[in-house]
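Top line first, the protein sequences correspond to chains A and B.
Take 1 as the starting number for the first sequence in my numbering and just add one per residue.
Take 112 as the starting number for the second sequence in my numbering and just add one per residue.
Each residue gets a CB set at the ideal place from its N, CA and C atoms; glycine is no exception.
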Amino acid sequence: QKEVEQNSGPLSVPEGAIASLNCTYSDRGSQSFFWYRQYSGKSPELIMFIYSNGDKEDGRFTAQLNKASQYVSLLIRDSQPSDSATYLCAVNMDSNYQLIWGAGTKLIIKP
Amino acid sequence: DGGITQSPKYLFRKEGQNVTLSCEQNLNHDAMYWYRQDPGQGLRLIYYSQIVNDFQKGDIAEGYSVSREKKESFPLTVTSAQKNPTAFYLCASTDPGTSGSDEQFFGPGTRLTVL
Numbered sequence: 001q002k003e004v005e006q007n008s009g010p011l012s013v014p015e016g017a018i019a020s021l022n023c024t025y026s027d028r029g030s031q032s033f034f035w036y037r038q039y040s041g042k043s044p045e046l047i048m049f050i051y052s053n054g055d056k057e058d059g060r061f062t063a064q065l066n067k068a069s070q071y072v073s074l075l076i077r078d079s080q081p082s083d084s085a086t087y088l089c090a091v092n093m094d095s096n097y098q099l100i101w102g103a104g105t106k107l108i109i110k111p
Numbered sequence: 112d113g114g115i116t117q118s119p120k121y122l123f124r125k126e127g128q129n130v131t132l133s134c135e136q137n138l139n140h141d142a143m144y145w146y147r148q149d150p151g152q153g154l155r156l157i158y159y160s161q162i163v164n165d166f167q168k169g170d171i172a173e174g175y176s177v178s179r180e181k182k183e184s185f186p187l188t189v190t191s192a193q194k195n196p197t198a199f200y201l202c203a204s205t206d207p208g209t210s211g212s213d214e215q216f217f218g219p220g221t222r223l224t225v226l
């Protein structure tokens with residue numbers, strides 16, 4: 001069964017610190033990986049996507065992919081209270097553009 | 112502005128009623144999706160459509176129906192057969208040929224409550 005696993009949290013991080021969010025997936029052949037942010041009562045919005053092993057940086061956000069270990073992570077540097085949200089990991093495990101979603105990690109940034 | 116619209120934002124359903132949720136996109140995307148989200152949970156796929164006049168069941172299709180008569184529209188009907196329909200419903204679309212990636216773009220969602 002195709003699965004994406006995330007720690008539900010909440011993960012509490014002091015303002016200004018680094019928040020580290022992790023995600024593991026079941027299908028070794030997965031090709032594309034996404035991190036979405038979802039504020040309470042709102043729809044998900046894309047933060048980053050990553051296709052290749054290694055790190056991808058965009059501003060305060062860094063996505064890290066390790067296909068051998070089947071995990072993808074999201075680092076948020078200089079965390080701000082506005083980063084408080086649920087972060088959803090999604091993985092494309094086949095070629096028909098369907099994404100398999102994790103249940104999300106709730107992140108709380110404490111001022 | 113290109114995007115996805117969903118209506119209504121809030122919907123209340125009485126027991127035994129069918130209700131239809133609207134989803135419209137002007138992104139010229141081929142693929143569209145309907146998800147259900149329950150509190151504290153991730154997204155579960157109800158139906159998806161990769162092309163006009165074709166759609167496929169997702170993981171939790173029972174009690175739901177869809178149509179795809181136009182590229183830009185993918186309405187979802189929640190039938191009386193869906194016993195626990197109270198949830199947040201999200202419509203999404205994607206088109207890697209247009210956007211260059213298979214990221215999904217989301218509408219603002221419809222919150223359905225059974226009275």
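> Ordered along the chain, which non-local residues of its own chain (more than five positions away) have a Cβ less than 7 Å from that of F33(A)?
Replying inline: Cβ neighbours of F33(A) beyond the five flanking positions: F49, I50, L65, V72, V91.
> Quick one: is A68(A) buried, meaning 16 or more other Cβ sit within 10 Å of its Cβ, or exposed?
Replying inline: Residue environment analysis places A68(A) among the exposed positions, since fewer than 16 neighbouring C-beta atoms fall within 10 angstroms of its C-beta.
> Taking just the CA atoms, how far does T197(B) sit from Y97(A)?
Replying inline: The C-alpha of T197(B) is placed about 27 Å away from the C-alpha of Y97(A).
> How big is the Cα-Cα spacing for P10(A) and A85(A)?
Replying inline: Each residue's Cα considered, the two are about 10 Å apart.
> Which of helix, strand or coil does DSSP assign to D165(B)?
Replying inline: DSSP, reduced to helix, strand and coil, places D165(B) within a strand of the structure shown.
>> Assuming contact is defined by CB atoms lying nearer than 9 Å, are Q38(A) and G104(A) in contact in what I supplied?
In response: Yes, the Cβ-Cβ distance between Q38(A) and G104(A) is below 9 Å.
> So which residues of chain A does D213(B) contact, with C-beta pairs closer than 7 Å?
Replying inline: Within chain A, the residues whose beta carbon sits less than 7 Å from that of D213(B) are S32, N92, Y97, listed in sequence order.
> Can you list the residues of chain A that G153(B) reaches, using a CB-CB cut of under 7 Å?
Replying inline: Residues of chain A passing the Cβ test: L88, W101, G102, A103, G104.
> Does the beta carbon of F216(B) come closer than 9 Å to any beta carbon on chain A?
Replying inline: Put simply, the CB of F216(B) is near chain A, with a gap under 9 Å to one of its CB atoms.
> If you drop the 5 nearest sequence neighbours on each side, which residues of the same chain put their C-beta closer than 7 Å to that of A172(B)?
Replying inline: These residues qualify, in order along the chain: I157, Y158.
>> Give me the subset of the region 181–205 of chain B whose CB atoms are less than 7 Å from a CB atom of chain A, sorted by chain position.
In response: From the region 181–205 of chain B, only L201, T205 have a Cβ closer than 7 Å to chain A.
> Can you tell me whether DSSP reads P207(B) as helix, strand or coil?
Replying inline: Helix at P207(B).
> Under 8 Å Cβ-Cβ, which residues of chain A neighbour L122(B)?
Replying inline: Neighbours of L122(B) across chain A, judged by C-beta separation under 8 Å, do not exist; the nearest C-beta is about 15 Å away.
> Assuming A203(B) and Y146(B) make a contact with CB atoms under 8 Å, what is their CB distance in whole Å?
Replying inline: Yes, A203(B) and Y146(B) are in contact; Cβ-Cβ is about 7 Å, under 8 Å.
> Using a Cβ cut-off of 8 Å, which residues of the region 125–138 of chain B contact any Cβ in chain A, in chain order?
Replying inline: Residues of the region 125–138 of chain B whose Cβ lies closer than 8 Å to any Cβ of chain A: none.
>> What does the Cβ neighbour count give for E126(B), buried or exposed, with the cut at 16 atoms within 10 Å?
In response: The residue is exposed, with fewer than 16 neighbouring Cβ atoms inside 10 Å.
> Can you give the Cα-Cα distance for N7(A) and M93(A), rounded to whole angstroms?
Replying inline: So the two alpha carbons sit approximately 20 Å from each other.
>> By the three-class DSSP mapping on this structure, what secondary structure does P81(A) have?
In response: Correct three-state label for P81(A): helix.
> In its own chain, which residues sit with a C-beta less than 6 Å from the C-beta of K56(A), not counting the 5 before and 5 after it?
Replying inline: Excluding residues within five positions, the ones whose Cβ falls inside 6 Å are I50, A63.
> So which residues on chain A does P150(B) lean against when the C-beta distance must stay under 8 Å?
Replying inline: One finds nothing in chain A with a Cβ atom closer than 8 Å to the Cβ of P150(B); even the nearest lies about 10 Å away.
>> Excluding the 5 residues flanking E15(A) on each side, which residues of the same chain have their C-beta closer than 8 Å to its C-beta?
In response: S79, Q80, P81, I109, K110, P111.
>> Counting only Cβ pairs nearer than 9 Å, list the residues of chain A close to G220(B).
In response: Contacts between G220(B) and chain A, judged by CB atoms closer than 9 Å, involve G41, K42, S43 in chain order.
> Taking a cut of 9 Å between CB atoms, which residues from the region 45–66 of chain A lie near chain B?
Replying inline: Within the region 45–66 of chain A, the residues whose Cβ lies closer than 9 Å to some Cβ of chain B are E45, L46, F49, Y51, listed in chain order.
>> Between S12(A) and chain B, is any beta-carbon pair separated by less than 9 Å?
In response: For S12(A), the answer is no, since every Cβ of chain B falls outside 9 Å of its Cβ.
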